[in-house]
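Numbering (the working numbering), first residue to last: -4 to 323. Here's the structure we're looking at; comments come further down.
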Amino acid sequence: MKLVKTLVAASIAAVLAASVSTAMAKDLTIGFSQIGAESEWRTANTNDVKAAAQRHNINLKFSDAQQKQENQIKAIRTFIAQKVDLIGFVPIVATGWDNILREAKRAKIPVLIMDRDLSVSDDSLYVAKIGTDSYTEGKKVFNWLDNYVEKNNLKPRDGGDKLNIVILEGTVGSSAATGRAHGFDDALKASEHKDRYNILASQTGDFTRQKGQEVMESFIKSYRDKIDILFAHNDDMALGAIQSIEAAGLKPAKDIVIVSVDGVKGIFQAMIDGKANATVECNPLQGELFFETAKKILKGEKVPKSVFVEEGVFTSDKAAEVFPTRKY
Ligand code: GZL
């Protein structure tokens, strides 16, 4: 009998030792579904998430959805099957998540949203959102533009009575695109100078440099000397548009005022080169806050339902001074 007790004690000790060593190796396993690698901003966002996971000793299962919602849904389903401790994802578009999030809820795996927003029928399908305030970014774009026009007494290039604006929109259905569009529109409508402006054209460039170049090329073909202002929903599309503007023999930031969103290094260089006028910051460095929040959730601590990261506005006159301090 004594021998049996000894053997049982030894096997319990062995199991405990194994579980402790596993716990020491990696505290937690988190499944993370990222949209893709569509822009400089997204690459910075991904790099920051991976670095923060390492700092937090997290076993990160990272999936790149290659810009497809169905790949994000598949990845989340895999994370559920793998019984991860928590699921994080950046919703490429705002809708279509209810069913997969119900599956996560049934599996009792908490979901933490990062960067973009989503709309679901039941807010209990995710614990919290950490992200960027696209609506305020859109308002900041128009308010900067309105001040710039006033200060520089900008006049329509075609001699008409309205300053014509063309818009390169982000990914259709994404909260970043809809938020920026609504913020810009609301600020324009609220301006005492609203009658100065006309939205000449607005089309998606899907947040990529290539599509931004292609769509701007088509805008120039249709409207060339009628275009006074370009609002690009992200810097990558603005950088693509600059190439089309120069190819058409026009001067970016002079013939066509260029304002965009993100604040990536590429647009700072363009502002330093005198080819862009301003960028509204959208902060991709959300990894630290994400994993801090994830750990709190897994300890059963209450966390705010929605938290926005800090964001500023940067203009060409300050670009050279600020550039060395930029982290992405
Ligand atoms: C905004 C983010 C957007 C960036 C783009 O929070 O989701 O996606 O503005 C990126 O550069 O592609």
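The beta-carbon is built from N, C-alpha and C at its ideal position, and this holds for glycine as well.
I believe C277 touches T127 by the beta-carbon criterion, under 8 Å. Please report the beta-carbon distance rounded to the nearest angstrom. Along the sequence shown, read from residue 1 onward, the residue named residue 277 stands at position 282. Along the sequence shown, read from residue 1 onward, the residue named residue 127 stands at position 132. At roughly 5 Å, the Cβ-Cβ gap stays under 8 Å, so C277 and T127 are in contact.
Is there a Cβ from chain D that is less than 8 Å from the Cβ of A39? You won't find chain D in this structure, because it holds only one protein chain.
Leaving out five residues on either side along the sequence, give the residues of the same chain with a beta carbon under 7 Å from the beta carbon of A324. A query on residue 324 cannot be resolved here, the shown segment of the chain reaching from -4 to 323 and no further.
Candidates A172, I104, D118 and L113: which alpha carbon is nearest K134's? Position 139 of the sequence shown, counted from the first residue, corresponds to residue 134. The option with the nearest alpha carbon to K134 is A172.
Over what stretch of residues does the alpha helix (DSSP H) that includes Y130 continue unbroken? Locating residue 130 in the sequence shown gives position 135, where the first residue counts as 1. Looking at the DSSP string, the run of the alpha helix (DSSP H) that includes Y130 is S129 to N147.
Give the DSSP bridge partners of E276, in chain order. In the sequence shown, counting from the first residue as 1, residue 276 sits at position 281. Among the bridge pairs identified by DSSP, E276 is matched with D257.
What three-state label does DSSP hand K246 in the structure shown? Stepping through the sequence shown from its first residue, residue 246 is reached at position 251. Coil.
Grab the span of the beta strand (DSSP E) containing F226 for me, first residue to last. Numbered from 1 along the sequence shown, position 231 holds the residue referred to as residue 226. From DSSP, the beta strand (DSSP E) with F226 extends over I224 to A227.
For M266, which residues in the same chain have their Cβ closer than 6 Å to its Cβ, ignoring the five residues on either side in sequence? Here residue 266 is taken as the residue at index 271 of the sequence shown, counted from 1. Correct list, in chain order: S311 and A314.
Note down the Cα distance separating G285 from G235, rounded to an integer number of angstroms. Translated into positions along the sequence shown, residue 285 becomes position 290. Translated into positions along the sequence shown, residue 235 becomes position 240. Just to set this straight, residue 285 is Phe in the shown sequence, not Gly. Using only the alpha carbons, I get a separation of about 31 Å.
Let's see if you can read the secondary structure: which residues bound the beta strand (DSSP E) around S28? Within the sequence shown, residue 28 is the residue found at index 33, counting from 1. Start and end: L23 to Q29.
Does at least one heavy atom of the ligand GZL sit under 7 Å from the Cβ of S239? Position 244 of the sequence shown holds residue 239. The ligand GZL has no heavy atom closer than 7 Å to the beta-carbon of S239.
Give every residue of the same chain whose Cβ lies closer than 8 Å to the Cβ of G261, excluding the five residues on either side of it in the sequence, and list them in chain order. Within the sequence shown, numbered from 1, the residue matching residue 261 stands at position 266. Listed in chain order, the non-local C-beta contacts of G261 below 8 Å within the same chain comprise E35, D230, D231 and L234, local neighbours out to five positions each way being set aside.
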